[in-house]
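Chemist:
Residue numbers (UniProt numbering): 1 to 133.
1) Mapping DSSP to helix, strand and coil, what is residue 42?
2) With a threshold of 16 other CB atoms inside 10 Å of the CB of residue 103, please say whether the residue is buried or exposed.
3) For residue 129, which option in 96, 7, 42, 25 has the closest C-alpha, if you only look at C-alpha atoms?
4) By alpha-carbon positions, which one of 11, 3, 26, 23 ends up nearest to residue 124?
5) With a threshold of 8 Å between beta-carbons, can residue 43 be considered close to chain D, or not?
6) Could you pull the start and end residues of the alpha helix (DSSP H) that residue 12 belongs to?
7) Between the region 97-116 and the region 21-30, can you find at least three pairs of beta-carbon atoms closer than 8 Å?
8) Where does residue 70 fall in DSSP's three states?
9) Around the C-beta of residue 112, are 16 or more other C-beta atoms found within 10 angstroms, so that it is buried, or is it exposed?
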């Protein structure tokens with residue numbers, strides 16, 4: 001059951017800092033670099049404003065049916081705004097995918113979710129294909 005709501009945006013290696021990389025602010029948390037599959041055991045990376053969530057905080061986003069773990073910071077985020085990793089792509093089409101997945105309104109997500117929620121594992125953008133909810 002979602003217990004938080006906020007702006008949800010998306011990022012990939014193409015628009016990461018530094019550009020083209022999978023570097024994250026908290027490599028000691030789980031992956032070492034941005035990644036994951038979206039399962040509870042292997043959540044995808046997410047970013048938020050520094051200090052909003054503790055590194056290692058797990059969330060579940062029903063819109064994309066994936067778990068995420070805080071491993072990065074987001075300079076343009078504030079409050080409950082989260083930025084979700086879509087994958088390691090560096091082609092320009094990944095930016096179109098990010099835009100397609102981003103809603104204008106605040107969206108629900110669950111902080112500290114149970115491990116039993118439905119999952120569609122994998123990157124949200126892979127081999128030129130964008131996830132479609």
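The beta-carbon is built from N, C-alpha and C at its ideal position, and this holds for glycine as well.
Modeler: Answer, in terms of the structure:
1) coil
2) exposed
3) 96
4) Per the C-alpha coordinates, the member of 11, 3, 26, 23 positioned closest to residue 124 is 11.
5) Within the model displayed, chain D is absent; a lone protein chain is all it includes.
6) Unbroken run through residue 12 is the beta strand (DSSP E), 8-12; no alpha helix (DSSP H).
7) No: the two stretches stay apart, fewer than three of their Cβ pairs being nearer than 8 Å.
8) strand
9) exposed
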